[in-house]
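Heads up: the structure comes next, in structure tokens.
There are 2 protein chains.
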Amino acid sequence: MTSPKFDFENVIRPGLPAPGGRWSGFPPFNFVGGHNAPESIPTSDLIAAMTRVLEREGATLATYNLESGAQGYRPLREFVAAKLGRDAGMKCTADDVLMVSGSLQGLDLINQVLLAPGDTVLIEAATYGGCLTRYQRLGVTAVGIGLDEHGMKMDELAATLKSLADEGNKPKYIYTIPTVQNPTASILPLERRQELLRLAAEYDVPVVEDECYSDLIWSGERPPAMHALDESGRVIFVGSFSKSIAPALRVGFVVAPWAFMSQMLPLKTDAGSGALEQMVLAEYCREHFESHVAALNKTLKQKCDALVEAVEANFGTAAEFERPPGGIFLWVKLPAEVDTSRLAKEAAKHGIEINPGAEWSIEGPDAKRALRICYANPPIETIRKGVAALAEVCREEFGVPKTVANR
Amino acid sequence: MTSPKFDFENVIRPGLPAPGGRWSGFPPFNFVGGHNAPESIPTSDLIAAMTRVLEREGATLATYNLESGAQGYRPLREFVAAKLGRDAGMKCTADDVLMVSGSLQGLDLINQVLLAPGDTVLIEAATYGGCLTRYQRLGVTAVGIGLDEHGMKMDELAATLKSLADEGNKPKYIYTIPTVQNPTASILPLERRQELLRLAAEYDVPVVEDECYSDLIWSGERPPAMHALDESGRVIFVGSFSKSIAPALRVGFVVAPWAFMSQMLPLKTDAGSGALEQMVLAEYCREHFESHVAALNKTLKQKCDALVEAVEANFGTAAEFERPPGGIFLWVKLPAEVDTSRLAKEAAKHGIEINPGAEWSIEGPDAKRALRICYANPPIETIRKGVAALAEVCREEFGVPKTVANR
Numbered sequence: 001m002t003s004p005k006f007d008f009e010n011v012i013r014p015g016l017p018a019p020g021g022r023w024s025g026f027p028p029f030n031f032v033g034g035h036n037a038p039e040s041i042p043t044s045d046l047i048a049a050m051t052r053v054l055e056r057e058g059a060t061l062a063t064y065n066l067e068s069g070a071q072g073y074r075p076l077r078e079f080v081a082a083k084l085g086r087d088a089g090m091k092c093t094a095d096d097v098l099m100v101s102g103s104l105q106g107l108d109l110i111n112q113v114l115l116a117p118g119d120t121v122l123i124e125a126a127t128y129g130g131c132l133t134r135y136q137r138l139g140v141t142a143v144g145i146g147l148d149e150h151g152m153k154m155d156e157l158a159a160t161l162k163s164l165a166d167e168g169n170k171p172k173y174i175y176t177i178p179t180v181q182n183p184t185a186s187i188l189p190l191e192r193r194q195e196l197l198r199l200a201a202e203y204d205v206p207v208v209e210d211e212c213y214s215d216l217i218w219s220g221e222r223p224p225a226m227h228a229l230d231e232s233g234r235v236i237f238v239g240s241f242s243k244s245i246a247p248a249l250r251v252g253f254v255v256a257p258w259a260f261m262s263q264m265l266p267l268k269t270d271a272g273s274g275a276l277e278q279m280v281l282a283e284y285c286r287e288h289f290e291s292h293v294a295a296l297n298k299t300l301k302q303k304c305d306a307l308v309e310a311v312e313a314n315f316g317t318a319a320e321f322e323r324p325p326g327g328i329f330l331w332v333k334l335p336a337e338v339d340t341s342r343l344a345k346e347a348a349k350h351g352i353e354i355n356p357g358a359e360w361s362i363e364g365p366d367a368k369r370a371l372r373i374c375y376a377n378p379p380i381e382t383i384r385k386g387v388a389a390l391a392e393v394c395r396e397e398f399g400v401p402k403t404v405a406n407r
Numbered sequence: 001m002t003s004p005k006f007d008f009e010n011v012i013r014p015g016l017p018a019p020g021g022r023w024s025g026f027p028p029f030n031f032v033g034g035h036n037a038p039e040s041i042p043t044s045d046l047i048a049a050m051t052r053v054l055e056r057e058g059a060t061l062a063t064y065n066l067e068s069g070a071q072g073y074r075p076l077r078e079f080v081a082a083k084l085g086r087d088a089g090m091k092c093t094a095d096d097v098l099m100v101s102g103s104l105q106g107l108d109l110i111n112q113v114l115l116a117p118g119d120t121v122l123i124e125a126a127t128y129g130g131c132l133t134r135y136q137r138l139g140v141t142a143v144g145i146g147l148d149e150h151g152m153k154m155d156e157l158a159a160t161l162k163s164l165a166d167e168g169n170k171p172k173y174i175y176t177i178p179t180v181q182n183p184t185a186s187i188l189p190l191e192r193r194q195e196l197l198r199l200a201a202e203y204d205v206p207v208v209e210d211e212c213y214s215d216l217i218w219s220g221e222r223p224p225a226m227h228a229l230d231e232s233g234r235v236i237f238v239g240s241f242s243k244s245i246a247p248a249l250r251v252g253f254v255v256a257p258w259a260f261m262s263q264m265l266p267l268k269t270d271a272g273s274g275a276l277e278q279m280v281l282a283e284y285c286r287e288h289f290e291s292h293v294a295a296l297n298k299t300l301k302q303k304c305d306a307l308v309e310a311v312e313a314n315f316g317t318a319a320e321f322e323r324p325p326g327g328i329f330l331w332v333k334l335p336a337e338v339d340t341s342r343l344a345k346e347a348a349k350h351g352i353e354i355n356p357g358a359e360w361s362i363e364g365p366d367a368k369r370a371l372r373i374c375y376a377n378p379p380i381e382t383i384r385k386g387v388a389a390l391a392e393v394c395r396e397e398f399g400v401p402k403t404v405a406n407r
């Protein structure tokens, strides 16, 4: 005899997102998600770093936040501050850094401090899909600013700020991924960074600068962060080790002035981010970060080149894209008759996963025909086969590309 | 020349909690926080486990959630399910387990699924302070049920459920820490667990069972979890490795039926909990969990005994308490003339930190005179000195205890 089952449907809070599904494994051709190259995980150096740091400081695992307080493991904050000084021209110290459980927790904290339902934020018209879902859930209006091959268009930003100001609507912040923009992979030039800051000052708006990908540039050269160019303290900077070391390590960081930092701390209700991951990163990165990232970029560039070649070979002139200067994804636009949301659905039946443009951009004429292909994780041979298979699905569904490629 | 500083005061969301302060280190006599015994951290076994698991599976760090999906690292979920079957009589599999970044993230997810402003929950009248702050922030009314030396009083629970039902108020859940209750350290006997479930069924209310401390029992014996006794699927179970292995590892778990689990998944917006910590725990615990916890309990009991002895020696009959059967804290009541919030403030000036009862209980006659002393972290000699110093401060402020102890 069993008692009647309790029905949670009657007690869950109204308005929750749709329930999640059961995990059923990765598809054979996995072109979604910010995964990295498995062959580039520095396993033995991570083991060596972990062994050293635990032998030295293992007993501190007995205390929440080790002995560093709520901002996170101090040696890692020191590494982050030094790295950002060296690579991005930023002037900050360990006291300005909050370690978070991945940069997504950072974005959640920033949103919790700033956003209330009804607020407006400005974003790049094509941007990280997770941000779009966040704004939707928060009841926040995200206004998209158009992009070209150099990133956010400053004339559009100026016009949008002006028209919002005319309506008495002051956006809560400008959110940007300036360096290796997600999904377009563009790098915002110095002049636009300065112009963005000038406009932010003119309209008295903060800037959230998300620099998750800025380590992944083939040339190794990047413009200074906007945080570095700004003197007013309006820029909140977000970064991550997910792309430079390993995504499964959930370690990111936020750099913010104390007036903002102190508001985030009580909202971080998780009693600290994972200590082992912070310890091993601090120990590993001090010695290996630069050489690791240089080697990783070589691997990623090879995969990127293979993807570009496969797209050209299989889609021909039907595929429009900019050759990425770095990163882990390619943003492709197909002819207007292709609906990439439907393409994604059909491709999934053939074991191919892609991000349709509609999930990665604000509504717009290009969203429907665009797609994002992540290339860091699969082996090169899988990239080639997957793109060929995707072209085949696309041809069957939309008659695009018109002819079978010569391969 | 510097540009004017941006003022975040004007843009932060109204109604945020008070800003946090700068970390200034632990006080000499640190009797707060769920820290553990540093001498019990199994450093070398953790290093060995980490080395093995990374040598075998290091490359999977390149994928979010390793290859286990959003519920977390499958081998650890398998360990948790087997452990809960063995220790708590629960019937669950890895599919019923969600790994979270510490049990506090679990509580946050549960609250997000169930609670809206204006809701009511039932809690133990003295309970984990972090829950009280959470309810306050969520605009949820927490109704306290009285405790005796065996935990939540069932007659009070019955009466409260009845009077709320009479008002047409159906609580969203009953929250309980049945095994080594925080802060009283009581263990709810089998009969009360059954009665609580009977009442929950009668009033059609879910139960949130928080079992963070249930591994820390000197005798090693614990009653079955309510999750094990329940057949209706109304119990959501929360557990943690913070107390059994190390608090700085942020790894907890929630066991829930799929109807509830699937609602939590999209709310866990952190792209997974830390992989290294989950991997090392799975590898370490399979072999060492039981022997480690047995040894840890010996250490904790010695510290507990030392604290009890010190409290008796320094406070004499002024201190009322139950001798804990396990855990990491002692709940002490002082005579009514003592205001422990003021005591905590004065003690802090002497480098002694304690939790005043008001932070750890719903308003009530005993809250003002109670305090929680955490004993797992300091060395025994520090416990002795700290309690003597605390008694001295208390005597100066409140004339209690009346005479200086013979020591």
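Residue numbers (the UniProt record's numbering), protein chains in the order written: chain A, 1 to 407; chain B, 1 to 407. Even glycine gets a Cβ: it sits at the ideal position worked out from N, Cα and C. As the structure is a computational prediction, the values presented were derived from the model and not from experiment.
Determine the contact status of N355 (chain A) and N30 (chain A), defining contact as a CB-CB distance below 8 Å. Cβ atoms of N355 (chain A) and N30 (chain A): not closer than 8 Å.
Using the Cβ count rule (16 or more neighbours within 10 Å means buried), how would you classify S163 (chain A)? Exposed.
Does chain B have any CB closer than 8 Å to the CB of W218 (chain A)? no
Can you list the alpha helix (DSSP H) stretches of 4 or more residues lying completely in the region 228 to 284 of chain B, in chain order? 258 to 264
Interface flag, N406 (chain B) vs chain A, CB-CB below 8 Å: Caution is warranted here: a pLDDT of 49 is assigned to N406 (chain B), below 50, making its placement in the model unreliable, and the coordinate value is therefore given only provisionally. Not one chain A Cβ lies under 8 Å of N406 (chain B).
Does the Cβ-Cβ distance between L188 (chain B) and G129 (chain B) come in under 8 Å? no
DSSP three-state label for D148 (chain A), please. Here D148 (chain A) sits in strand by DSSP.
Spatial neighbours of M1 (chain B) in its chain, beta-carbon cut-off 7 Å, leaving aside the 5 residues before and after: Low local confidence applies: a pLDDT of 42 at M1 (chain B) is under 50, so the model's placement there is unreliable, and no value is given.
C-alpha distance - P178 (chain B) paired with S232 (chain B), whole-angstrom precision: 19 Å
Is the CB-CB distance between L76 (chain A) and M99 (chain A) below 8 Å? yes
Three-way DSSP call (helix, strand, coil) for F29 (chain B) in this model: In the structure shown, F29 (chain B) sits in a strand (DSSP, three-state: E or B).
What is the rounded straight-line gap between the Cα of M264 (chain B) and the Cα of E337 (chain B)? Straight-line Cα distance between these residues: approximately 46 Å.
Does the beta carbon of N297 (chain B) sit closer than 8 Å to a beta carbon anywhere in chain A? no
Terminal residues of the alpha helix (DSSP H) in which K385 (chain A) lies: I380 to F398
Name, please, each residue of chain B whose Cβ falls closer than 9 Å to the Cβ of N305 (chain A). Checking the displayed sequence, the identity of residue 305 (chain A) turns out to be Asp instead of Asn. Ordered by position in chain B, no residue passes the 9 Å Cβ test against D305 (chain A), which lies about 19 Å from the chain.
Member of A:D270, A:S24, A:D108 and A:L115 whose CA lies at the smallest distance from the CA of Y64 (chain A): Residue A:D270 is the option with its Cα nearest to Y64 (chain A).
Does the CB of N65 (chain A) have a neighbour CB from chain B at under 8 Å? yes
Assumed close pair Y175 (chain A), V97 (chain A) - CB separation to whole angstroms, cut-off 8 Å: The pair is not a contact, with the Cβ atoms about 20 Å apart (cut-off 8 Å).
For G386 (chain B), count the other beta carbons within 10 Å of its own beta carbon; 16 or more makes it buried, fewer makes it exposed. Which is it? buried
Compare the C-beta of T51 (chain B) against all C-beta atoms of chain A and say whether one is closer than 8 Å. yes
Should the region 12 to 21 of chain A be called in touch with the region 343 to 358 of chain A, which here means at least 3 C-beta pairs below 8 Å? no
What in chain B is Cβ-close to E277 (chain A), meaning under 7 Å? G274, L276 and E277
Nonlocal neighbours in the same chain, by C-beta distance under 6 Å from A70 (chain B), ignoring five residues either side: L265
Given a limit of 9 Å on CB to CB distance, which residues of the region 354 to 388 of chain B reach chain A? A376 and N377
Give the DSSP-derived three-state secondary structure of Y175 (chain B) in the structure shown. strand
Return the residue from the list B:S273, B:D7, B:G274 and B:V311 that minimises the CA-CA distance to A389 (chain B). B:V311
Positions along the region 224 to 245 of chain A whose CB lies within less than 7 Å of some CB in chain B: E231, S232, G233 and R234
Host alpha helix (DSSP H) of C92 (chain A) (start-end): First-last for C92 (chain A): undefined, no H or E at that position.
Is it right to say residue 432 (chain B) is buried, meaning 16 or more other beta carbons lie within 10 angstroms of its own, or is it exposed? Outside the shown range of chain B, which is 1 to 407, sits residue 432 (chain B), and nothing can be said about it.
Please check the pair A259 (chain B) and I383 (chain B), which I expect to be a contact at CB under 8 Å, by giving their CB distance rounded to whole angstroms. About 46 Å separates the two Cβ atoms, so there is no contact after all.
Sub-8 Å separation of A275 (chain A) and L84 (chain A) beta-carbons: no
So I177 (chain A) contacts chain B; which residues on that side make the cut at Cβ distance below 9 Å? Those do not exist, as I177 (chain A) stays about 16 Å from chain B at its closest Cβ, beyond 9 Å.
Given a threshold of 16 other Cβ atoms within 10 Å of its Cβ, counted over all protein chains shown, does E283 (chain B) qualify as buried or as exposed? buried
Grab me the residues of K368 (chain B)'s own chain with a C-beta within less than 6 Å of its C-beta, minus the 5 sequence neighbours each way, in chain order. D339
Under 7 Å Cβ-Cβ, which residues of chain A neighbour N36 (chain B)? Residues of chain A with a Cβ closer than 7 Å to the Cβ of N36 (chain B) are, in chain order, A62.
Can you tell me whether D210 (chain A) is helix, strand or coil according to DSSP? strand
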